[in-house]
């Protein structure tokens, strides 16, 4: 996923109403009217939220006879999850190394004892 598309997707999800729309679309496709029902806002306002999600690639709309259902694009959510997972793994690895250093600083005796048991007998 390119940086611009990633930024648009995260910006679209920054709004709580749009996050809720995405959550509701995980249950299945829905029309704008169905999506707007629980909100105290106009169909036009919900349509604007959906337009932001659509421009970010998170949802698509298609014509289905008389209906125009909104569909969640799970692939884009997967790409966002992959990006988050990569960065989380890197941060966790860095924190794990920091924890090891802190443990060695707090208990240098056990650290040196570990080193001496790791080395073959007779070598310092």
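In the UniProt record's numbering, the protein residues as written are 1 to 124.
Even for Gly, the Cβ is constructed at its ideal location relative to N, Cα and C.
| query | result |
| --- | --- |
| Check whether residue 71 and residue 61 have beta carbons under 9 Å apart | yes |
| Continuous alpha helix (DSSP H) stretch holding residue 60: start and end | No alpha helix (DSSP H) contains residue 60, which is instead part of the beta strand (DSSP E) from 59 to 61. |
| Classification of residue 95 by the beta-carbon crowding that lies within 10 angstroms, buried from 16 upward | exposed |
| Residues near residue 13 by beta carbon distance below 6 Å, same chain, minus five either side | 19 |
| Cβ-based neighbour list, residue 24, same chain, cut-off 8 Å, excluding 5 preceding and 5 following | 30 and 35 |
| Residue 1 beta carbon less than 9 Å from that of residue 76 | yes |
| Three-state secondary structure assigned by DSSP to residue 72 | strand |
| DSSP beta-bridge partners of residue 67 | 64 |
| Cα-Cα separation, residue 63 to residue 3 | 30 Å |
| Endpoints, the alpha helix (DSSP H) within which residue 16 is located | 16 to 25 |
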